[in-house]
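Visitor:
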Amino acid sequence: MEDNAVILNIENLKIAFKMRQGNVTAVNDVSFQLRKGHVLGIVGESGCGKSVTARSLMRIEAPGKLLSGEINFQSKSLGKVGIQRLDPAGELIRELRWKEIAMVFQEPMTSFGPMHTFGNQISEVLTLHNKIGKTEAIEMAVESLRAVGMPRPEKLIKQYPHQISGGMRQRAMIAMALICHPQVLIADEPTTALDVSTESQILDLLAERQKTLGTSILYISHNLGVVANIADEVMVMYLGQIVEHAPVSDLFASPKHPYTVALLNSIPNIDKDYKNQKLEVLQGSIPDPYNHPDGCPFHPRCPKLIHGLCDMVQPRLLDVSLNCRVACHLYNASQKTS
Amino acid sequence: MKLLKYVIKRLSWGALVLLFVSFFSFLIIQLPPGDYLSSYMARLEKSGMSVDNKSMVALRHSYGLDQPFLVQYGKWFYRFIQGDMGVSFIYTEKVETIIKERLPATLMLSFSSLLVIYLIAIPVGVFAARRQYSLWDFLAAILGFIGMAVPGFLLALILMWIAYQVFGVSIGGLQSPQFMDQPMTMGKFIDLIKHLPVPIIVITMSGTAALIRTMRATLLDELGKQYVTTARAKGLAENKLIYKYPVRAAMNPIISSGGWLVPELFSGETIAAIVLGLPTIGPILYRALLGEDMYLAAGCLMILSGLTIIGLLISDIILAISDPRIRLE
Amino acid sequence: MNKAKKELLLEVKDLCMHFPVQGSFFDKVRGVVKAVDGVTFNLFKSSTFGLVGESGCGKTTTGRLIMKVMKPTGGTIIFHDNETGIMEINALSNKKMRPLRRKIQMIFQDPYSSLDPRMTIQQIVGEPLRAAGKEHMNNYKNKIAAILQKSGLSADYMDRYPHAFSGGQRQRIGIARALVTKPQLVVADEPVSALDVSVQAQILNLLKELQETLGLTYLFIAHDLSVIRYMCDTLAVMYVGKIVEMGLSEDIFNNPAHPYTEGLLSIIPRTDSKTKRCKRLTGGVADASNLPSGCYFHPRCQYAKDICKIEQPVLREIKNDHQVACHFSLKLQGI
Amino acid sequence: MKILQKIKSHSKSKKEGNKNYNPLYSASQWTLIWVKFKDHKLALVGLIILALFYIAVLFAPIITPYDPWEDSRYIYCPPTRIHLFHAGKIHRPFVYMENILTDPETFNRTFKTDYSKPYPIRFFVKGFEYHWLGFIKGNRHLFGVVDEVGIHLMGTDVLGRDCFSRNIRGLQISLTVGLIGVIITFILGCIIGGIAGYYGGIADNIVQRLMEFISSIPTIPMWMALGAIIPSDWGNLKVYFAITVILALRSWTGLSRQVRSKLLQLREEEFVVAAKVAGTSDWKIITTHLLPGFMSYLIVSLTLEIPKMILGETTLSFLGLGLRAPTVSLGVLLQDAQNLAAISAYPWLMISAIMVILSVLAFNFVGDGIRDAADPYKN
């Protein structure tokens, strides 16, 4: 498959949770593509559905129920696969998991089983997917740990997760994720729980591994600075919908959707001396998931609200320029006229 | 090795507790106003025989009942350490021979009950946790409740009643009469096995019910943790994944629950033995307490507590070995 | 925050907090963790002093020591109050400490565990008032309603419980509780790190407005350097229990004098992709139970020389109130 | 649901009903617990059973038709059946006369029902004298039969005493033993657990060692030993309190372990530090923050401790080491059911056993229901 061919094509994905007080739509009609060798960043505040979207690719979206939409994956071994049709506990999806789509989670503390050594947990993936012997799997595990810059990997193989620091554990997680050379790596806020210095080392490691192995990464985070540094293109999500999707330079240089603009302005800039200037603040808070506002979900907090339009009609995600998409009436109107 | 140091520390602590228990059990038997002789005298008078005062004093002296409490305790404890637990008034035999005679049955019953509890509770607990809120889970919960609600002696009574009504056979004791003091033959062994189910059920009922609930709750807790999602994402099959990670992690609280399970076992065994007439230490303690047979009662209490302490020690050691977080501290 | 008449409010002199590492039941104390090791700084009225550093550097412990939540193992904390005069906090008995409690208050990090879920908002916000002494009922209610209004919450939330509020609203309740007794000093321990980006900005602006209207002095503790730059006039960077650099925020951010500060500033990811991150800070935070010899930072420092491995640098002034604890800070500054 | 209505109406009047005002916003911890408790069907069933039992306990002398200790000629008489049809016609509920026939040779006694004359059951009938709650004298009974015919809903025992009255009186003793025992456990558990949890350090160590010591003696042997100490010449009341103390001596360890772990957990919460910083005194912190914090957990472990005590008392009395003959407790009643022959011939003697099981089950259901609802703020 030549470079930047589409590996993952998601169309009108809709996921809802059945809760006691009623149904909560976590992901509301999301469509995007992931290209080979690209890093796609998904940014958004808590409850915007970024993590549920990512987990649905491996059908481990927990209590959620996939309502509709397609997840077409170009798998090496199985050809074109519609993941949404696979049974979450079935044979097929287990074929794909970790062999073709792997994942790194946010909490380094609890991502590894407490009762088993690193050697056991990492080599298990190899014996399962690559059908190779235990001893050979352990050797490959040692090599993969060395590749992520682990000091003394032979010693680490016999150690238990509680014996090493959070940063080290996250490195081991990445080693485990990349050991089967998956096509897609989903990173769900891998550095949120880490210190700044450990975070930057993990980001460097991910970037370096991505280049050498050519894996495409789906990077999820609420920290815009981190995404700006690691992603090729960025998607901003709000209340389960994509509001803006653009290459990283365009998005941060000239953000279009009012929410993206407000988000960028509300982060204190480390290189700017504010004297007694104040941060531009986005008023209000994320609406209650049980009663979505009608029309555009952002309209109650949007400074550029057009009465009669924004609070009635839901904007569609339309192309505004070369692979830049925005879901906002401000741009639809201009598109029609220009 | 660190584990050895831990074992030695625990053993010394167990010995200290046993010392306290000995003082406590000896104190208990001293408390009631009279002692064995006076209650024995009262029984004799009731049946018309009278014993003159002088021989009473001689008897009291020979049993050392006239010395002050602390001296009696000191002498008793000193001899106890050397294995001489004093003489029982009721059986007029040395206490340690009575106990030695009954110890194997006690150990065999409690050990097999512990095994049965763990063998039943773990799979049922795992089964109930995995099918939460299903019919099976509900049934397990109901069984659990009833298990905890029916007192031991009542269960024994009901089982004996059913056996008596339906099969017309009395299922008390561990041995049918004809094998009573024969050497251990194949026939006797089979007969023993045939007698085992009822006492085991009575002893293990409440322990199993409680352990099922603990297992279910602990496993539900572990199933919610992040590493289960990681394992699922790695493509492991659901069954393999559940038994390898969350169930293994849930085993630690189960092993440490030996802490309240072992005393529960011995106490369940005591009551079952009294009702079913089993040849264990329970009934002797019961008769000793009723008849205020001081040395026998103290001996039984000591042995039962000793066994419990050893049981607790073993469960702690197994826990230390099984949980890497404790072992490698 | 005019710099002209700098009035001293709080003086902290080489504060130490050493936690014994408890062995098991039998063997005695195994080692000592120096969470806070000789911290000295001054707080001036109606200005914001920042304490920044990675996890385990002792910034939260310092905040808690000042609030007298625990007794330090060394050093003094002197509070300058025009009404009650100059007092050493740790020397005061509980009774003498009571009037001072009203003057120093604290804002906490986790909005979900800093409010008692079983109390109504009125009880929570009113607690410092109740502790300060008897208050007439409606006077007590008016004060609470006023401070809630100031913190951006409507007064009729008073009979609701914390579970009815979002993270941002809960943090506003925490702020209202801290300001209800009109304190002079407020210790804010990571007030925004548990919040979403948009809510974070709202709370930061609220804290700034309240400082201007009520003339508050903040001791602002955080690990996020960009938040520190936005909020603080002066700050101190801490590493494994010690202050490694202290001074005005423009001096420190424009030309950092300590290799650790310089490294931190260089690796922070920025949204404008022009300034690419450069790899200047390797290795992890030193383990507090076995610290490296000499300067704790030398294993990670690219300027490290032999002297750094032997001698521990002392905090000394290199420019007007810009202090550094490093043998080669001058060379760093290009002087 | 009436709790919710009450809140809604109360808050509606105070404030304009804005759209998303959820009445649970200003619902206190206990309302939330009640709302969650109601979802637990079994727990509600348990609550109803317990309510019935405790009403029976309160009005025991009035409900029981016969004096529990009054002998009668009807020895081992099976439970009297209540009929509605006499000679084909509907009739108000009535009973028939039971005649006692003694076989001349074997002297065993059988009962022959005389179907000729219906004896209607009357309500608030005169019966044996009683002092209700110790001071109100009265002789009215809820139901009974006037003429010398007998109405023994649960049959009679070896001395012809009415089992129904004895079971109700037994319930009175057993259920109150549980309550008083739990009060002692509560006091001991809270104080010792509280000290260990709040102050920690050496106090915590000593309490831990003490609990290890107590739990190393198996429960029933310990109770039996303590039971044996009670001198035989003590009055019923003294023995009764001695038993509750003995039962409590063992069960406070479970409670104090709960209290200690909950306190250690709550102490770390930031709102406790916030209270300390606000200047609230130690004592006030304990009463206003910590106590409500683990009160619901306390109720759970107390509710689960009562059945253990009821079982304890029943077992001890059954063995003859607990309450003794003149007092009537479920355990004492079960002593008659000790020998197999008695149970198989007169199965109604086992009804006391069902009473024990029912009360213990009810307590467990309620305890389980509260446990699920104990921390409404968890999710």
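Chains A, B, C and D, in that order, are what the protein sequence lines are. For the first sequence, our numbering gives the first residue as 378, with consecutive numbering after it. For the second sequence, our numbering gives the first residue as 113, with consecutive numbering after it. For the third sequence, our numbering gives the first residue as 515, with consecutive numbering after it. For the fourth sequence, our numbering gives the first residue as 53, with consecutive numbering after it. For each residue, glycine too, the CB sits at the ideal point set by N, CA and C. In this text, all values refer to a predicted model and were calculated from it rather than measured experimentally.
1) Name, going along the chain, the residues of the stretch 699-730 of chain C whose beta-carbon falls closer than 8 Å to a beta-carbon of chain A.
2) Tell me whether Phe417(D) sits in a helix, a strand or coil according to DSSP, three-state version.
3) Cα separation between Val639(C) and Leu720(C)?
4) Using 10 angstroms around the beta-carbon of Ile386(B), count the other beta-carbons present and answer buried if the total reaches 16, otherwise exposed.
5) Where Leu227(D) and Ile358(D) are concerned, what is the direct C-alpha to C-alpha distance, given to the nearest angstrom?
6) From the DSSP output, read off the bridge partner residues of Tyr753(C).
7) At 9 Å on the CB atoms, spell out the chain B contacts of Asn257(D), in chain order.
8) Is the distance from the Cβ of Leu579(C) to the Cβ of Ile591(C) below 9 Å?
9) Is Tyr398(D) buried or exposed, if buried means 16 or more other CB atoms sit within 10 Å of its CB?
10) Is the shortest distance between the beta-carbon of Gln390(D) and the beta-carbons of chain B less than 9 Å?
11) Use the C-beta contact count for Asn834(C): other C-beta atoms within 10 angstroms, 16 or more gives buried, fewer gives exposed.
12) Using the DSSP secondary-structure output, state which residues sit across from Phe137(D) in a beta bridge.
13) So, is Asp502(D) buried or exposed, given that buried needs 16 or more other C-beta atoms within 10 angstroms?
14) Quick one: Cα of Ile142(D) to Cα of Ile134(D), how far?
15) Cα separation between Val314(B) and Gly233(D)?
16) What does Glu264(D) reach in chain B if we use C-beta pairs closer than 7 Å?
17) Mind checking whether Ser500(A) and Ala514(A) have CB atoms under 9 Å apart?
18) With 16 as the cutoff for other CB atoms within 10 Å, does Leu221(B) come out buried or exposed?
19) May I ask you to check if the CB of Thr590(C) is nearer than 8 Å to at least one heavy atom of the ligand ZN?
20) Going along chain C, which residues have a C-beta under 7 Å from Ala327(D)?
21) Helix, strand or coil for Leu417(A)? Go by DSSP, reduced to three states.
22) Classify Asn653(C): buried if its beta carbon has 16 or more other beta carbons within 10 angstroms, exposed otherwise.
23) Closer than 6 Å by C-beta to Lys573(C): which residues in its own chain qualify, once you throw out the five before and the five after it? Chain order, please.
24) Could you check if Ala605(C) is buried or exposed, using at least 16 other CB atoms within 10 Å of its CB as the buried criterion?
25) Which runs of the beta strand (DSSP E), 3 residues or longer, sit entirely within the stretch 450-510 of chain A?
26) Using the three-state DSSP reduction, which class does Ala702(C) fall into: helix, strand or coil?
27) I'd like to check one pair, Lys442(A) with Phe394(A): are the Cβ atoms closer than 9 Å?
28) Going by DSSP in three states, Arg376(D) sits in which element: helix, strand or coil?
29) Contact criterion: CB-CB distance below 9 Å. Does Met402(D) meet it with respect to chain B?
30) From the DSSP output, read off the bridge partner residues of His341(D).
31) Can you confirm whether the stretch 313-333 of chain B touches the stretch 353-369 of chain B when touching is taken to mean that 3 or more C-beta pairs between the two stretches lie within less than 8 Å?
32) Please list, in chain order, all residues of the same chain as Asp565(A) whose beta carbon is under 8 Å from its beta carbon, the five residues on each side excluded.
33) I need the DSSP call for His772(C), collapsed to helix, strand or coil.
34) Where does Ile302(B) land, buried or exposed, given buried means 16+ other C-beta within 10 angstroms?
35) Using the three-state DSSP reduction, which class does Ser423(A) fall into: helix, strand or coil?
36) At the 9 Å Cβ level, is Lys713(A) part of the contact set with chain B, yes or no?
Guide: Straight from the coordinates:
1) Asp710, Val711, Ser712, Val713, Gln714, Ala715, Gln716, Leu718, Asn719 and Lys722
2) As a position in the fourth sequence, residue 417(D) is number 365, starting the count at 1. Helix at Phe417(D).
3) The residue given as residue 639(C) occupies position 125 in the third sequence. The residue given as residue 720(C) occupies position 206 in the third sequence. Val639(C) and Leu720(C): Cα-Cα distance of roughly 17 Å.
4) Working through the second sequence from its first residue, we reach residue 386(B) at position 274. Buried, by the Cβ-count rule.
5) One-based indexing of the fourth sequence puts residue 227(D) at position 175. One-based indexing of the fourth sequence puts residue 358(D) at position 306. Looking at the two C-alpha atoms, the distance is approximately 8 Å.
6) Here residue 753(C) corresponds to residue number 239 of the third sequence, with the count starting at 1. Note: Tyr753(C) sits in a beta bridge opposite Lys756(C).
7) On the fourth sequence, residue 257(D) is found 205 positions in, with the first residue counted as 1. Here the premise fails: no neighbours, minimum Cβ distance about 12 Å.
8) By 1-based counting over the third sequence, the position of residue 579(C) is 65. By 1-based counting over the third sequence, the position of residue 591(C) is 77. Closer than 9 Å, so yes.
9) Counting from one through the fourth sequence, the residue named residue 398(D) turns up at place 346. Looking at its Cβ environment, which holds 16 or more other Cβ atoms inside 10 Å, Tyr398(D) is buried.
10) Taking the first residue of the fourth sequence as position 1, residue 390(D) is located at position 338. By this cut-off, Gln390(D) is an interface position.
11) Here residue 834(C) corresponds to residue number 320 of the third sequence, with the count starting at 1. It is exposed - the Cβ of Asn834(C) has fewer than 16 other Cβ atoms within 10 Å.
12) By one-based count along the fourth sequence, residue 137(D) stands at place 85. DSSP output for Phe137(D) lists Ile142(D) as bridge partner(s).
13) In the structure as shown, chain D starts at 53 and stops at 431, and residue 502(D) therefore has no counterpart that could be examined.
14) As a working note, residue 142(D) is residue 90 in the fourth sequence. As a working note, residue 134(D) is residue 82 in the fourth sequence. Taking the straight line from one Cα to the other gives about 13 Å.
15) Sequence index remark: in the second sequence, residue 314(B) carries index 202 (1-based). Sequence index remark: in the fourth sequence, residue 233(D) carries index 181 (1-based). Whole-angstrom Cα-Cα distance: 26 Å.
16) For the purposes of this step, residue 264(D) is identified with residue 212 of the fourth sequence, where counting begins at 1. Ordered by position in chain B, the residues that pass the 7 Å Cβ test against Glu264(D) are Val129.
17) Locating residue 500(A) in the first sequence gives position 123, counting from the first residue. Locating residue 514(A) in the first sequence gives position 137, counting from the first residue. For Ser500(A) and Ala514(A), yes; Cβs fall inside 9 Å.
18) The count along the second sequence starts at 1 and reaches residue 221(B) at position 109. Buried is the call here.
19) The ligand ZN is not part of this structure, which contains no ligands at all.
20) What you label residue 327(D) is simply residue 275 of the fourth sequence in a count that begins at 1. Simply Glu641.
21) Within the first sequence, the letter at position 40 stands for residue 417(A). Here Leu417(A) sits in strand by DSSP.
22) Stepping through the third sequence from its first residue, residue 653(C) is reached at position 139. It is exposed - the Cβ of Asn653(C) has fewer than 16 other Cβ atoms within 10 Å.
23) Here the question's residue 573(C) lines up with position 59 in the third sequence. Excluding sequence neighbours, Lys573(C) sits near Leu565, Gly567, Ile735 and Met752.
24) The residue labelled residue 605(C) in the question sits at position 91 within the third sequence. Answer is exposed; the Cβ neighbour count stays below 16.
25) Listed in chain order, the complete beta strand (DSSP E) runs (minimum 3 residues) inside the stretch 450-510 of chain A are 456-459 and 478-481.
26) Taking the third sequence and counting its residues from 1, one reaches residue 702(C) at position 188. Ala702(C) falls in the strand class under three-state DSSP.
27) The residue given as residue 394(A) occupies position 17 in the first sequence. The residue given as residue 442(A) occupies position 65 in the first sequence. Contact: yes.
28) Within the fourth sequence, residue 376(D) is the residue found at index 324, counting from 1. In the structure shown, Arg376(D) sits in coil (DSSP, three-state: anything other than H, G, I, E or B).
29) Mapped onto the fourth sequence, residue 402(D) falls at position 350. Met402(D) counts as touching chain B.
30) On the fourth sequence, residue 341(D) is found 289 positions in, with the first residue counted as 1. His341(D) pairs with nothing; no bridge assigned.
31) Yes, the stretch 353-369 of chain B is in contact with the stretch 313-333 of chain B.
32) As a working mapping, residue 565(A) is identified with position 188 in the first sequence. Excluding sequence neighbours, Asp565(A) sits near Ser428, Ala431, Arg432, Met480, Val481, Phe482, Gln483 and Ile597.
33) Reading the third sequence from its first residue, position 258 is the one you call residue 772(C). Coil at His772(C), not helix or strand.
34) In the second sequence, the residue the question calls residue 302(B) occupies position 190. Counting Cβ neighbours within 10 Å, Ile302(B) comes out exposed, since fewer than 16 surround it.
35) Within the first sequence, the letter at position 46 stands for residue 423(A). In this structure, Ser423(A) counts as coil in the three-state DSSP scheme.
36) Along the first sequence, read from residue 1 onward, the residue named residue 713(A) stands at position 336. Residue confidence for Lys713(A) is low, a pLDDT of 44 falling below 50, so the modelled location carries little weight; the figure read from the coordinates is stated next. Answer no: the Cβ-Cβ gap between Lys713(A) and chain B never drops below 9 Å.
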